[in-house]
Amino acid sequence: MTTLDDLPIRDDLRGRSPYGAPQLDVAVRLNTNENSYPVPDAVVDAIGKAVAAELRDLNRYPDRDALALRADLADYLGHGLTTGHVWAANGSNEIQQQLLQAFAGPGRVALGFTPAYSMHPLLALGTGTGWIAGRRGADFGLTVDDAVSQVRAHHPDVVFLCSPNNPTGTALDPAVIGAVLDVAPGMVVVDEAYAEFARAGTRTALELLPGHPRLVVTRTMSKAFGFAGGRLGYLAADPAVVDAVQLVRLPYHLSALTQAAARAALAHRDVLLATVAAIREQRDRIVTELRRRGHRVADSDANFVLFSVDGDQAVAWQALLDAGVLVRDVGLPGWLRVTAGTPAETDALLSAMEVLSR
Ligand SMILES: Cc1ncc(COP(=O)(O)O)c(C=O)c1O
25 MTTLDDLPIR DDLRGRSPYG APQLDVAVRL NTNENSYPVP DAVVDAIGKA
75 VAAELRDLNR YPDRDALALR ADLADYLGHG LTTGHVWAAN GSNEIQQQLL
125 QAFAGPGRVA LGFTPAYSMH PLLALGTGTG WIAGRRGADF GLTVDDAVSQ
175 VRAHHPDVVF LCSPNNPTGT ALDPAVIGAV LDVAPGMVVV DEAYAEFARA
225 GTRTALELLP GHPRLVVTRT MSKAFGFAGG RLGYLAADPA VVDAVQLVRL
275 PYHLSALTQA AARAALAHRD VLLATVAAIR EQRDRIVTEL RRRGHRVADS
325 DANFVLFSVD GDQAVAWQAL LDAGVLVRDV GLPGWLRVTA GTPAETDALL
375 SAMEVLSR
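Residue 90 in my numbering sits at position 66 of the sequence shown, with consecutive numbering throughout.
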């Protein structure tokens, strides 16, 4: 049987594993930070109608520039943004890949502050971009001085900041973003996949866009909107950045069905985003309860919580799975990450955690 190693694959891809959180058939799945609430009936109907209306025209390519969808996304974001400031793709992963294709690639480097979103280095790998795993403080924090000195040391073509950060959950101090923008020689990408879940008073990097043409804010409909299966991510930036990614995007990358479904979902954003408050409540409940039980827990502005466990986290992960709750081992010794979902899921998690500590 032919194996991957028998093929003339790129040397830098040999021995690598694909990205993949386990997709297991478990009653309580809290490992990929999806929105646990199913799409409400009214939105199912609206998406169904919108998609059906496209079907007869599937003989034609879709709008390559996704103008109507980008206008809707700009309207949702506010901050004076227009269609020209927004670009959309199949998930924010694809957006970030396009950014690396346009602004990084062979001979260039990207810097991220580890632990952060594990796809950033993989996207760098796939695009032939050198990856620099920058450091965070012992408490997973990132100070202005620390960030600035690492940017100065490495001269990255792209800096990834993640706010709220995955897997820690904590939003970044906007002063760090401002300071990185001041010293970064290249593009600064702020991954705000979880922005809608942030605690009151948390600032978004969208506020910094005016006057910063090298800043890109990436967002997604996969989390707060509960639209992970629909695959829709987007960016907001200076219109010149949108011109740049159009040089590398595949023609017609966003299907007519995706564009129609996403527009219908956005039109019902009040209904879809109504779950955010309930999820935040469960997030805060998990943080409070696990701290009360003596776990170390990172402050969370996201729909997930990073918590410490005694001993090997892989053993704790398996024990929770055996108790019917799938959480995420992000490879941080002594820590696990759990998605905040419904009250019943929190109940299941908290009772499974009791099994763990025995
Ligand atoms: C920080 C962060 N950014 C981006 C993504 C990718 O989201 P999507 O490609 O579904 O938009 C995720 C998904 O988990 C994430 O955690």
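Even for Gly, the Cβ is constructed at its ideal location relative to N, Cα and C.
The three-state secondary structure of Thr-151, taken from DSSP, is coil. Put simply, the stretch 155-174 does not touch the stretch 285-294. Fewer than three CB pairs are less than 8 Å apart.
Taken in chain order, the whole beta strand (DSSP E) runs of length 3 or more contained in the stretch 326-369 are 328-332 and 359-363.
Beta-bridge pairing by DSSP links Ile-156 to Leu-135.
With distances taken between CA atoms, Leu-149 lies nearest to Asp-36 out of His-179, Val-300 and Asp-36.
Put simply, the backbone Cα of Phe-184 is about 15 Å away from that of Ala-261.
Around Leu-54, the same chain offers Val-349, Leu-350, Val-351, Val-362, Thr-363, Gly-365, Glu-369 and Leu-373 as residues with beta carbons nearer than 7 Å, after the five sequence neighbours per side are excluded. Note that the C-beta distance between Ala-229 and Val-204 is not below 8 Å. Ranked by how close their Cα comes to the Cα of Arg-88, the residues Gln-342, Tyr-276 and Gln-337 have Tyr-276 in first place. Its Cα nearest to that of Ala-70, the residue Val-295 stands out among Val-295, Leu-196, Pro-42 and Arg-273. Contact check for Ala-195 and Pro-188: beta-carbon distance about 5 Å, within the 8 Å limit, so the pair qualifies. Collapsing the DSSP output to three states places Met-211 in a strand. Taking each of Ser-116, Ile-303, Leu-124 and Val-300 in turn and checking the Cα distance to Gly-253, the smallest one comes out for Ser-116.
Here Gly-202 carries a helix assignment [DSSP, helix/strand/coil]. Under a 10 Å Cβ-count criterion, Gly-257 is classified as buried, with 16 or more other Cβ atoms of the shown protein chains found around its own Cβ.
Here DSSP, grouped into helix, strand and coil, assigns Phe-184 to strand. In the structure shown, the three-state DSSP call for Val-50 is coil. Distances from the CB of Ala-301 to the heavy atoms of ligand 1 are all 7 Å or more. DSSP, reduced to helix, strand and coil, places Ala-260 within a strand of the structure shown.
Residue pairing by DSSP puts Val-321 in a beta bridge opposite Phe-331. Per DSSP, reduced to three states, the secondary structure at Arg-243 is strand. At least 8 Å separates the beta-carbon of Ala-298 from that of Met-245.
Along the length of the stretch 80-134, whole beta strand (DSSP E) runs at least 3 residues long occupy 110-113, reported in chain order.
The Cβ atoms of Gln-121 and Leu-147 lie closer than 8 Å to each other.
With a cut-off of 7 Å, the C-beta of Asp-36 is classified as distant from ligand 1, since no heavy atom of the ligand falls inside that distance. Annotation note: the stretch 252-309 contains the following uninterrupted beta strand (DSSP E) runs of length 3 or greater, listed N- to C-terminal: 257-261.
Taking C-beta separations shorter than 8 Å and ignoring five residues to either side along the sequence, Ser-41 has no partners in its chain.
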